[in-house]
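Structure first, then comments.
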Amino acid sequence: MSTPDAPAPTRSWFRTEDFWAILLGLGFVIAASLLVLSGNSLKWLAVMPGKWTDAGVAFQQLGQAWLRYLALFALLAIGLGLGARSIGLSFRRFLLSFAGIFAATTVIILLGAWAEAGRYTLEPPLVALAIGLLISNAVGLPAWLSEGLRVEYYVKLGIVLLGATLPLNLLLSAGPVAIGQAAVVSLVTFGTIFFVARRLGLDQRFAATLGAGGAVCGVSASIAVAGAVGAKKEQGPVAITIVVFWAIVMVFLLPLAARFFGLSTGVAGAWIGTSEFADAAGFAAAQTYGGYAGKVPGIAGTPDDAVNAFTLMKVIGRDLWVGIWAFVLSFIAVSRWSDTGVDTRVGAGEVWRRFPKFVLGFLLSSLIVAWVASTYPAADFKRVLDPELIGPLKNLRVWAFTFCFLSIGLSTRWRDLASIGRKPFLAFTAGVIVNVLLGYFLSVVVFGKYWSTLGR
Amino acid sequence: MFAWLRRWFRPRSQAKACARCVHFDNHPRRMEKDSPGLSSLSSGYGAVRGGDGQCAFHQRYVSPGSTCAQFEEKRKR
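Okay, here's the thing in structure tokens:
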């Protein structure tokens, strides 16, 4: 029974995507670890097509492994579906939709395994995104497919799984550098957008909502700060539309620009982590660029370097701090800005309330795998752990991220987005320009050597 | 001087917080519908939203713990 002064009821955290992404992701990591420790592996379930040059071979592969694909689908559909039901979505509609997403993802992953895919820039992340955008904007999306388009759910699951493949020592050694670089870029980007927005006559709350979108973690930060500062109802959708626009542009632009400059995968990953506005879109760009390693002449590094550097910069350097941004801006809004008639004061608990809790799953995954690795002699890492533990978890991560990339495209319908004014667009664009240039300077000139030799 | 600091630390009763108000709506599905693009690169169901919602009276985004003079308690079902 609640007392008159009991805290206001909010959504239980067990009914958030973060909780279910952690539960499923850690479930896979723990299961894979236990199997390896008992001399087995999750390899059978974590199916991934091998490279092919002839379409007949591709279909043959699919035919031989159909039971593995079916098992993976069943497990993911049930796990993700239960989570979807718990957060308030329809289990039945989610399953139906997820079946379509899984089938499309299988085709995209199979296409990505084509030996010539790199030559035609058919990198799975960009293909998934482009196909999704094309279907949703040109053809239209069948209503039954929409329930399963949970971009954040999939990207959070992918990030938790990513924790297992990102070495703990790398996290500890490179984390502070990422936080330092991201802090500089975040503060400058926020300052630029806020300053330009104010000069153009936008109110402080709107300027802060736009600024957070460019500086911290895109749409999530915009919506978090809109609530923390008490922005007007119509300002949130405008900020979201602008962030979505620039995030999609950057998915295609940043890998192209990094390729033009011949950046190594680690350096490009750091730049993308600094200058992309949303996690999901950023992973698409980083994974795409990682795919160039060893295929495009002049691009040094490994595919993992791009994703690892991006993760350090974006997740550890920027996402983690959204609660602090919301808390500080809320404090400033109440103390310095005009009264709105609503008392939006928040305590330090705000920092935890808004903490992107899936990051805890990411860190726990890294810890679990580090512990498993510590029980093996160093010589066995490449021979046993890489193929039996890390490899299968990496495959599952690729599936989760591809669901996400496809969902971004399928759920982004330009005509449904809010119409934006010239002034907020100009203010945000000023921040984009500063962010991209400063991000390049820090990632390439100042910390270039560090990011290009990440983990070595 | 420092009136804002006193205002910040003034205690508030959570009994009249937005989360219990009839004007407050933070249902994730409706938040996603009212904010097109939210589900494209984020979500109404994520922890980062912190249970924020929209106030139909003030036409603003508000936190569940915010308060105002126009509070009207939700009817218990």
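Each protein sequence line maps, in turn, to chains A and B. All residue numbers for the first sequence refer to this note's numbering, where the first residue is 87 and numbers rise by one. All residue numbers for the second sequence refer to this note's numbering, where the first residue is 17 and numbers rise by one. Here a beta-carbon is modelled for each residue, glycine too, at the ideal position from N, C-alpha and C.
Taking a contact to mean a Cβ-Cβ separation below 7 Å, would you say residue i touches residue j in this structure?
{"i": "Y155/A", "j": "V133/A", "result": "yes"}
{"i": "I279/A", "j": "G304/A", "result": "no"}
{"i": "Y240/A", "j": "W357/A", "result": "no"}
{"i": "K242/A", "j": "A107/A", "result": "yes"}
{"i": "A118/A", "j": "L475/A", "result": "yes"}
{"i": "G403/A", "j": "A312/A", "result": "no"}
{"i": "I116/A", "j": "V324/A", "result": "no"}
{"i": "T327/A", "j": "N521/A", "result": "no"}
{"i": "A63/B", "j": "D502/A", "result": "no"}
{"i": "L254/A", "j": "S452/A", "result": "yes"}
{"i": "T488/A", "j": "I194/A", "result": "yes"}
{"i": "V271/A", "j": "T360/A", "result": "yes"}
{"i": "Y61/B", "j": "T102/A", "result": "yes"}
{"i": "A419/A", "j": "V302/A", "result": "no"}
{"i": "A395/A", "j": "L540/A", "result": "yes"}
{"i": "S56/B", "j": "V531/A", "result": "no"}
{"i": "E202/A", "j": "T374/A", "result": "no"}
{"i": "S538/A", "j": "V353/A", "result": "yes"}
{"i": "P135/A", "j": "Q146/A", "result": "no"}
{"i": "R95/B", "j": "E89/B", "result": "Nothing can be reported for residue 95/B: it is not among the residues displayed for chain B, which extend from 17 to 93."}
{"i": "A504/A", "j": "P44/B", "result": "no"}
{"i": "L471/A", "j": "A486/A", "result": "no"}
If the cut is a Cβ gap below 8 Å, which residues of chain B does residue i touch?
{"i": "P442/A", "result": "G62, A63 and V64"}
{"i": "G447/A", "result": "The contacting residues do not exist; G447/A stays about 11 Å from chain B at best."}
{"i": "Y378/A", "result": "Those do not exist, as Y378/A stays about 24 Å from chain B at its closest Cβ, beyond 8 Å."}
{"i": "V335/A", "result": "By Cβ distance, chain B contributes nothing, its closest Cβ being about 13 Å from V335/A, past 8 Å."}
{"i": "G427/A", "result": "H74, C84, A85 and Q86"}
{"i": "V408/A", "result": "V64"}
Below 6 Å CB to CB, which residues in the same chain sit around residue i once its five sequence neighbours on both sides are set aside?
{"i": "S497/A", "result": "L235"}
{"i": "Q557/A", "result": "The requested residue 557/A does not occur in the structure, where chain A is confined to residues 87 to 542."}
{"i": "L181/A", "result": "A163 and G167"}
{"i": "R76/B", "result": "none"}
{"i": "V78/B", "result": "C34 and C71"}
{"i": "R483/A", "result": "G244, L247 and L248"}
{"i": "S82/B", "result": "C34"}
{"i": "A372/A", "result": "G355, I358, A392, V393 and F396"}
{"i": "A456/A", "result": "L254"}
{"i": "A366/A", "result": "V237, V241, C490 and I494"}
{"i": "F448/A", "result": "I245, V246 and G249"}
{"i": "S88/A", "result": "Note on S88/A: pLDDT 38, under 50, position unreliable in the model; the coordinate value appears next. Around S88/A: no qualifying Cβ."}
{"i": "P211/A", "result": "A370, Q373, T374 and F491"}
{"i": "Q86/B", "result": "F73"}
{"i": "A170/A", "result": "F180"}
Short of 8 Å in beta carbon distance, which residues of its chain neighbour residue i, apart from the five on each side in sequence? Order them along the chain.
{"i": "Y206/A", "result": "none"}
{"i": "V282/A", "result": "L512, A513, A516 and G517"}
{"i": "S259/A", "result": "none"}
{"i": "F100/A", "result": "S172"}
{"i": "L220/A", "result": "G495"}
What does residue i touch in chain B if you count any residue whose Cβ is under 7 Å from its own?
{"i": "V102/A", "result": "The amino acid occupying residue 102/A in the given sequence is Thr; Val does not appear at that position. By Cβ distance, chain B contributes Y61, G62 and A63."}
{"i": "V432/A", "result": "S79 and G81"}
{"i": "E238/A", "result": "S58, S59 and G62"}
{"i": "R439/A", "result": "G66"}
Between residue i and the rest of its own chain, which residues show a CB-CB distance below 7 Å, the 5 nearest in sequence each way excluded?
{"i": "A189/A", "result": "none"}
{"i": "A160/A", "result": "none"}
{"i": "G66/B", "result": "S79"}
{"i": "W500/A", "result": "N223"}
{"i": "P389/A", "result": "T351, G376, G377 and A379"}
{"i": "V432/A", "result": "A314, F413 and S416"}
{"i": "T426/A", "result": "G316"}
{"i": "Y536/A", "result": "V263"}
{"i": "L528/A", "result": "Q267, V270, V271 and T360"}
Assuming residue i contacts residue j under a Cβ cut-off of 8 Å, what Cβ separation, rounded to an integer in Å, is found between them?
{"i": "I494/A", "j": "V237/A", "result": "5 Å"}
{"i": "D429/A", "j": "C84/B", "result": "6 Å"}
{"i": "V437/A", "j": "F413/A", "result": "5 Å"}
{"i": "G165/A", "j": "L131/A", "result": "About 12 Å separates the two Cβ atoms, so there is no contact after all."}
{"i": "V442/A", "j": "L406/A", "result": "Note that residue 442/A is Pro in the sequence shown, not Val. Correct: roughly 7 Å between the Cβ atoms."}
Residue i touches chain B at which residues, Cβ-Cβ below 9 Å?
{"i": "L235/A", "result": "S55 and S56"}
- Item | Residues from the region 58-80 of chain B in contact with chain A, defined by Cβ distance under 8 Å | S58, S59, Y61, G62, A63, V64, R65, G66, G67, D68, G69, Q70, C71, H74, Q75, R76, Y77, V78, S79 and P80
- Anything in the region 42-53 of chain B with a Cβ closer than 9 Å to a Cβ of chain A? List those residues in chain order, please. N42, H43, P44, R45, M47, D50, S51, P52 and G53
- Message: Please identify, using Cβ separations under 8 Å, the residues of the region 118-144 of chain A that lie next to chain B, in order along the chain.
- Response: none
- Selection of the region 296-326 of chain A by Cβ proximity to chain B, strictly under 7 Å: G304, V305, S306, I309, A310, A312, G313, A314, G316, A317, K318, K319, G322, P323 and I326
- Could you list the residues in the region 465-495 of chain A with a C-beta less than 8 Å from some C-beta on chain B, going in chain order? I494
- Query: Mind listing which residues of the region 173-187 of chain A have their C-beta closer than 7 Å to chain B's C-betas, in chain order?
  - Reply: I173 and G174
- Task: For the region 501-530 of chain A, enumerate the residues whose C-beta is nearer than 8 Å to any C-beta of chain B, in chain order.
- Result: D502, L503 and A504
- Which residues, in chain order, does the region 215-233 of chain A contribute to contact with chain B at a C-beta distance below 8 Å? none
- Item | Positions along the region 358-384 of chain A whose CB lies within less than 7 Å of some CB in chain B | A364, A366 and A367
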